[in-house]
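In what follows, a structure is listed as structure tokens, so that the remarks can point back to it.
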Amino acid sequence: MAFLSVACLLLWWRTGNPLWAGLARAGAWLNLMNLIPIWVLDGGQATNALDRNGRWVLLASTVFLALLFQEGVFVLVAGGFVWRLFTKDLPAVSSPRTVAYFASVIAFLGVVLRFVPGHGFTR
């Protein structure tokens, strides 16, 4: 679904139609909300494959992205990782690929949020 946000972003750049910008921003924001690592959300399911180190890496990544992009949705994702650091649902074998993929997706969605109108930076 994150690729649809990028497609909308590209359509906005090409056409200048604000509808595409709104769809890109809303899609990226909703995708990030879905990546909060709780319960049945996709982020919660992906976090089940991560050991404590992977969770720390993703917590640091989301805090960095929250500071860089000034988007509050990253704080919600980071809060979920803080909570998941203290749960006892660690896997027998961790998945470094999941850490890399998760970090890439949240960074990618942050870039989409940054480049559409209404981003957190002051102009």
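Residue numbering for the sequence shown follows the working numbering, starting at 150 and increasing by one per position.
Note that CB positions come from ideal geometry on N, CA and C, so glycine has one too.
Treat the numbers as computed from the prediction; the structure is a model and nothing was measured.
- With a cut-off of 8 angstroms on Cβ pairs, the region 237-246 is not in contact with the region 151-158, counting fewer than three such pairs.
- For residue 232, the enclosing alpha helix (DSSP H) begins and ends at 222-234.
- Ranked by how close their Cα comes to the Cα of residue 231, the residues 255, 246, 152, 202 have 202 in first place.
- Residue burial is scored here from C-beta neighbours: residue 235 has fewer than 16 other C-beta atoms within 10 angstroms and is therefore classed as exposed.
- In the same chain as residue 252, and ignoring 5 residues on each side of it, the C-beta atoms closer than 8 angstroms to its own belong to 206, 207, 210, in chain order.
- A distance below 6 angstroms between beta-carbons, with the five flanking residues on each side excluded, links residue 172 to the following residues of its chain, in chain order: 157.
- By the criterion of a C-beta distance shorter than 6 angstroms, residue 233 is surrounded in its chain by 186, 196, 204, once the five residues flanking it on both sides are discounted.
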